[in-house]
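Asks: Can you read through this structure? Questions will come right after.
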Amino acid sequence: MDSILTDKVQLAWNMASAAHNGQFYTNNDGLELPYLNHIGAVVNEVYAVLMGNPEVYNAELALLCAILHDTVEDTALTLTDIETAFGTPVADGVAALTKDSTIADKQEKMAHSITRILGQPREVAMVKMADRIVNLQPPPKHWPIEKVQSYRGEAAFLYEALRNLCPTLAERLYKKIENYSLYC
1 MDSILTDKVQ LAWNMASAAH NGQFYTNNDG LELPYLNHIG AVVNEVYAVL
51 MGNPEVYNAE LALLCAILHD TVEDTALTLT DIETAFGTPV ADGVAALTKD
101 STIADKQEKM AHSITRILGQ PREVAMVKMA DRIVNLQPPP KHWPIEKVQS
151 YRGEAAFLYE ALRNLCPTLA ERLYKKIENY SLYC
């Protein structure tokens, strides 16, 4: 089997590293972490599935979208930058994973996001599930119970919509949602 770690994957990692440079997030324990930690965790979830099923998925598309999934939303990189470097399928995948800032209602925004993801190859759905798996850590202590319950509800909605596209990640997401219920 050829390596799924292509030159394009390395280029995407370098671009994401530069784009997210200086960005941090605080975990539930109050530890400030480089945002690239989140990107790496999403990539690891996707990579684990790819290694178990290398002939089933488009590994390069999945990894590129995983690495770049938050760049348009959170950095100065544009979809044009991504399309120029990696082609239309990757740019379309990242676009589908980017929240539509013109939609104010949170439930409508999530439904719109799922619709866009379902219009893409299943590798894009893999990234969305992996992202939510990674984000289903213990919630920040300052979140009110209603926000925790809402986040769990979003995860369940996402699971129902995407579960048939990657059973391995769907099973992992389901378990994370069950565990997250402890905080509700």
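The sequence shown begins at 1 in my numbering and counts up one residue at a time. All C-beta atoms, glycine included, are put in the ideal place defined by N, C-alpha and C.
Mapping DSSP to helix, strand and coil, what is residue 55?
Replies: Within the sequence shown, numbered from 1, the residue matching residue 55 stands at position 55. It is coil, neither helix nor strand.
Asks: Express the C-alpha separation of residue 38 and residue 135 in angstroms, rounding to a whole number.
Replies: One-based indexing of the sequence shown puts residue 135 at position 135. One-based indexing of the sequence shown puts residue 38 at position 38. Distance between the alpha carbons of residue 135 and residue 38: 8 Å.
Asks: Who are the near neighbours of residue 27 in its chain, counting only those whose CB is closer than 8 Å to its CB and skipping five residues on each side?
Replies: On the sequence shown, residue 27 is found 27 positions in, with the first residue counted as 1. Cβ within range, chain order: 33 and 137.
Asks: Between the C-alpha atoms of residue 12 and residue 123, what's the straight-line distance to the nearest angstrom?
Replies: Against the sequence shown, residue 12 aligns to sequence position 12. Against the sequence shown, residue 123 aligns to sequence position 123. Distance between the alpha carbons of residue 12 and residue 123 is about 16 Å.
Asks: Among all the DSSP beta bridges, which residues are the ones paired with residue 33?
Replies: In the sequence shown, counting from the first residue as 1, residue 33 sits at position 33. Answer is 25, bridged to residue 33.
Asks: Quick one: Cα of residue 78 to Cα of residue 36, how far?
Replies: If you number the sequence shown from 1, residue 78 lands on position 78. If you number the sequence shown from 1, residue 36 lands on position 36. Near 18 Å, if we compare the C-alpha coordinates of residue 36 and residue 78.
Asks: What's the C-alpha gap between residue 164 and residue 10?
Replies: Working through the sequence shown from its first residue, we reach residue 164 at position 164. Working through the sequence shown from its first residue, we reach residue 10 at position 10. Cα-Cα distance, rounded: 30 Å.
Asks: In or out: residue 176 buried (at least 16 other Cβ within 10 Å) or exposed?
Replies: As a working mapping, residue 176 is identified with position 176 in the sequence shown. Residue 176 is buried by the Cβ-count criterion.
Asks: Taking the alpha-carbon positions, what's the residue 167 to residue 4 distance?
Replies: If you number the sequence shown from 1, residue 167 lands on position 167. If you number the sequence shown from 1, residue 4 lands on position 4. Spanning the two alpha carbons is a distance of roughly 21 Å.
Asks: What does the Cβ neighbour count give for residue 128, buried or exposed, with the cut at 16 atoms within 10 Å?
Replies: Working through the sequence shown from its first residue, we reach residue 128 at position 128. Buried is the call here.
Asks: Can you tell me whether DSSP reads residue 40 as helix, strand or coil?
Replies: Numbered from 1 along the sequence shown, position 40 holds the residue referred to as residue 40. Helix at residue 40.
Asks: Answer yes or no: do residue 91 and residue 82 have a C-beta to C-beta separation smaller than 8 Å?
Replies: On the sequence shown, position 91 is the one that residue 91 refers to. On the sequence shown, position 82 is the one that residue 82 refers to. Cβ distance < 8 Å, so residue 91 and residue 82 count as in contact.
Asks: Here's the rule I'm using: 16 or more other beta-carbon atoms within 10 Å means buried, otherwise exposed. How should residue 64 be labelled?
Replies: Along the sequence shown, read from residue 1 onward, the residue named residue 64 stands at position 64. Counting Cβ neighbours within 10 Å, residue 64 comes out buried, since at least 16 surround it.
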